[in-house]
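Chains as they are written, first to last, in this note's numbering: chain A, 1 to 331; chain B, 1001 to 1233; chain C, 2001 to 2538.
From the three backbone atoms N, C-alpha and C, an ideal C-beta is built for every residue, glycine too.
First comes the structure, then the notes that go with it.
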């Protein structure tokens, strides 16, 4: 609706409608409150305007009223809080089995890597109905990945991964903006998300250059950098066995236990001394500066592929050639 | 209440016109200084907050860095400051009792302690300078890394320790310098006989400031110098 | 007829002004300097709006545009909004309202103005020697390791201005505690005083934190440290937490005083005491306290944990309650009042309307699910301008008109005042309402160029800004005009309550011949005759 004078962008993701619903409620509530207060003020201003011989009535206050108009708004606010929190919780909890696209932000462009291999700059092609999880990092300053039509936004930080997810429901082309000021061409760091019907997406995917899937790239990097020397697939290595490590708890030598997520894998490559696995020595070389963010992403995806996919999903890309084992679009 | 003509003549010259009594003036001054010290707590507090977070994350580097600063100089400085707080407190008492010479002496001794503190701190910093532990372009902690072969020291994290070390001790030293300026003023006025049992508020208020600077050091010392002084494993 | 002695004519000459310790003269010194910075910041705003008339970046270069919005923000926040009401109206009125001869520390008051001026000169210098382009929020690592503009100088300028703010707050707290006239108990204080008391607490406890944060940013930039830079072992989120820990309470520094102003004006022009005095006083303190607990609602998409976000969202809803209470109390005061529509009252009406709208949009932003979509867009810009400009600046203008007779001894031309108020109100809404729509449509903030579909709303906004500019220039002109040609003002032209109205207009240097003794409650409009009922004295 409102095609000629839109009040909101197309709702092109599963989450967008939920955000709009709360928005409309808040607009209605605010309009009602404004109308009520403004009407009262106007009525009072007219009815009680200064007239000769009519004195103002001195009213101290009313504790009952004060409590009422504190408690009622408070309850309404708490209701809004819960509603907003529920939406946020869903926004920040990517579903299992989502396709993972790696995003590297830099001044002033977006670089995206599909798991099957294709790379894009300032554009992201996705099929309708597919859960897509973005795993993002920055090469320099803080940026923010913003797709208004999906109602998603997430700051992208240097030195760590942040994530966002969406499921597109309508084919079309939607704005992608950088939403955290990042220097000269902050306003030029824009692009588009292209949502396609599944079969057209397949066509696009196979039409692209075969630079190899992310996991395959990661596998060859792993060999190139000499990682298997220490990270053997048995217990004899000087480094921990990485098969099956992703997503599991890891016991560190300082007594802490952490989960081996993307951040952990990435940190272990660029700053290995930060978390030493219990029973191992701090001898791993530092790869900070020797591998780019894209290469790091490939390594992370490769190490993830050494673990069985979480149960219940239709399978994660695991070094298989593009086109195989793609998730069926859900309703 | 009103100011009767007789009352005006007996008012001391130190009573400022907008106050209705010496007591009100004194109360206002000390209250003002306490409020100012509260702002100073918030000021140092921001850095203490950054310090606590990084210490939690980079414990090893903080411990190693802590061991590399001179605990003897730090301990002497702590003793120096505590003594200076004593002389300040005694000075306030001397002012209360109208003992001008004693007050001047105590204020001077306090300043000597203050200068000693800064001198010792200067020696400490110079040691750090020689060891290339001052953050910046010539920062180098190979020596520390070498001292701890069994744990990994990340030079970047070590630099954060030293950045905070210099920022915190530097800010503290700046406050000491300001304190010395204040006390120079107080000593001069005391020598001229401005302070008496009925008017010694500036001494009291200056003393509060000095005690605060001392207390900040009492926190800084264990946080920076005593992180891990157990014998090395 | 010999001219009466006032604080204005007691002494002449520049020295008597630059070395004054009279709180009223210092208030005027501040008035001149903050007005100057208001127009500098406003000039930057006009350039921004002009650039945004078209989607392409065609008026200035991208780097220049980035400097414009940065310096607009820094100047307006630190050199206009934060000092404005406290340093001008607060300095002038706090001693008068409580029956004191001056603030507790008059020389520190003067020092505070000099610190402001020094900071202002440093800021101006950084502007004319190249400017700053980090955004007023200084986010790292851009500000510490990537920007090549005058970050250090601007940071130091703001640092110095912070001291000015702290000293003002310190002075007010001690004065309000210790220098109230006999009989002026806490529950008889004008709510303007309560508002300034709450504001001062925030100034005292919050400002030092941004001071140390900026010091660390300056050190980092100057000495290549890594405290906030992940490339060197640091954490950019630490910067954001430290920054917002002050900068959120700062917005309450900016709004509470104007709420205090409005709370003086409404009883006067409804001729009745404020409804719910205790609740209004408590709500000021409540806002100050709760305001310290919500800072990370600026960081919902910054990478904080889900659970942090939940807590800060919940707390943000709590802080909305005391503000709502005030709006209801102001409205209730009008019930069965006897209302007149003078310029201050018109501004007060405008304040209530615009603050209500701005505050309600705060509910949108506190809702986590909505904030993800609208944060860092024009929705946020519209929200805070409704509160800062529609609220704080209108409150400031309301107060300037209300107390102008007391400050200058002259009446401003009433019809012009009303006309300017209307222009401000219309210009303001046309400027900022379209920005809510732009934000929800997805237009990010700090964009030099934008997609063409956003143009219509941007054009409306720019049109509004030109009208708003006229609305602001008018009072400058007629206030200046009135100092020479305005009708001489009686002691109490509005028939208002408050000790300041018992002195002559303008007051003498020492305010009161004899220290007043207060035996009546605040807003004692039952016993104060309305202006027409009092024969005009001259």
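On the three-state DSSP scale, how would you describe residue i?
i: residue 327 of chain A; result: Note that residue 327 of chain A scores 36 on pLDDT, short of 50, meaning its location in the model is unreliable; the coordinates nonetheless yield the value given after this. Looking at residue 327 of chain A - three-state DSSP - the assignment turns out to be coil, as it is neither helix nor strand.
i: residue 238 of chain A; result: coil
i: residue 105 of chain A; result: strand
i: residue 2517 of chain C; result: coil
i: residue 2322 of chain C; result: helix
i: residue 2428 of chain C; result: helix
i: residue 2012 of chain C; result: coil
i: residue 1156 of chain B; result: helix
i: residue 153 of chain A; result: strand
i: residue 1078 of chain B; result: helix
i: residue 1226 of chain B; result: coil
i: residue 191 of chain A; result: strand
CB-CB under 6 Å to residue i, same chain, minus the five flanking residues each way: which ones, in chain order?
i: residue 1029 of chain B; result: 1201 and 1205
i: residue 2200 of chain C; result: 2169, 2172 and 2173
i: residue 124 of chain A; result: 112 and 193
i: residue 2008 of chain C; result: 2506
i: residue 2549 of chain C; result: The question about residue 2549 of chain C has no answer, for chain C in this structure spans 2001 to 2538.
i: residue 69 of chain A; result: none
i: residue 203 of chain A; result: none
i: residue 180 of chain A; result: 142, 143, 144 and 155
I believe residue i touches residue j by the beta-carbon criterion, under 8 Å. Please report the beta-carbon distance rounded to the nearest angstrom.
i: residue 336 of chain A; j: residue 252 of chain A; result: No information on residue 336 of chain A is available, as it lies outside the stretch 1 to 331 that chain A covers here.
i: residue 2347 of chain C; j: residue 2416 of chain C; result: With a Cβ gap of about 13 Å, residue 2347 of chain C and residue 2416 of chain C do not count as contacting.
i: residue 2498 of chain C; j: residue 2190 of chain C; result: 6 Å
i: residue 2290 of chain C; j: residue 2310 of chain C; result: Wrong, their Cβ atoms sit about 17 Å apart, outside the cutoff.
i: residue 2210 of chain C; j: residue 2197 of chain C; result: Not quite, the Cβ-Cβ distance comes to about 21 Å (not below 8 Å), so this is no contact.
i: residue 2547 of chain C; j: residue 2365 of chain C; result: Residue 2547 of chain C lies beyond the range of chain C shown here (2001 to 2538); nothing can be said about it.
i: residue 164 of chain A; j: residue 145 of chain A; result: 6 Å
i: residue 2440 of chain C; j: residue 23 of chain A; result: 7 Å
i: residue 141 of chain A; j: residue 107 of chain A; result: 7 Å
Short of 7 Å in beta carbon distance, which residues of its chain neighbour residue i, apart from the five on each side in sequence? Order them along the chain.
i: residue 2151 of chain C; result: 2132, 2134, 2143 and 2221
i: residue 266 of chain A; result: 161, 296 and 300
i: residue 2443 of chain C; result: 2377, 2378, 2450 and 2454
i: residue 1095 of chain B; result: 1103, 1195, 1200 and 1203
i: residue 2265 of chain C; result: 2344, 2345, 2348, 2398 and 2402
i: residue 54 of chain A; result: none
i: residue 14 of chain A; result: 167 and 169
Considering only DSSP beta bridges, list what residue i is partnered with.
i: residue 13 of chain A; result: A:168
i: residue 1196 of chain B; result: B:1199
i: residue 1049 of chain B; result: Note: residue 1049 of chain B sits in no beta bridge, so no partner.
i: residue 121 of chain A; result: A:111
i: residue 131 of chain A; result: A:167
i: residue 196 of chain A; result: A:127
i: residue 259 of chain A; result: A:249
i: residue 138 of chain A; result: A:105 and A:158
i: residue 145 of chain A; result: A:154 and A:178
Any heavy atom of the ligand COA closer than 7 Å to the CB of residue i?
i: residue 2058 of chain C; result: With respect to the ligand COA, the structure offers nothing, as it holds no ligand at all.
Here's a check: name, in chain order, each residue in its chain whose Cβ is nearer than 8 Å to the Cβ of residue i, leaving out the five neighbours to either side.
i: residue 2158 of chain C; result: 2074, 2078, 2119, 2123, 2210 and 2214
i: residue 2529 of chain C; result: 2495
i: residue 1193 of chain B; result: 1100
Taking CB distances under 8 Å as the criterion, tell me whether residue i reaches chain D.
i: residue 1206 of chain B; result: As a matter of chain content, chain D is missing from the structure shown, whose protein chains are A, B and C.
- Query: What residues from the region 1052-1078 of chain B come within 7 Å of chain C, judged by C-beta to C-beta, listed N to C?
  - Reply: 1053
- Message: Against chain C, which members of the region 1018-1046 of chain B pass a CB distance test of less than 9 Å?
- Response: 1018, 1019, 1020, 1024, 1025, 1027, 1028, 1029, 1031, 1032, 1035, 1036, 1038, 1039, 1040, 1041, 1042, 1043, 1044, 1045 and 1046
- Quick one: which residues of the region 280-313 of chain A get their C-beta closer than 7 Å to a C-beta of chain C? List them in chain order. none
- chain B contacts made by the region 2482-2504 of chain C, where a contact means CB separation under 7 Å: Listed by position, the residues of the region 2482-2504 of chain C near chain B (Cβ gap below 7 Å) amount to none.
- Members of the region 1109-1127 of chain B that neighbour chain C once the beta carbon cut-off is set at 7 Å: none
- Given a limit of 9 Å on CB to CB distance, which residues of the region 2313-2336 of chain C reach chain A? 2313, 2314, 2316, 2317, 2318, 2320, 2321, 2322, 2324, 2325, 2327, 2328, 2329, 2330, 2331, 2332, 2333, 2334, 2335 and 2336
- Item | Cβ-based contacts, 9 Å cut-off: residues of the region 1149-1160 of chain B near chain A | 1150, 1151, 1152, 1153, 1154, 1156 and 1157
- Message: Closer than 7 Å between beta carbons: that is the criterion. Which residues of the region 1162-1178 of chain B meet it against chain C?
- Response: 1163 and 1167
- Message: What are the residues in the region 1131-1143 of chain B lying within 9 Å of chain C by C-beta distance?
- Response: So the list reads 1134, 1135, 1136, 1137 and 1139, given in the order they occur along the chain.
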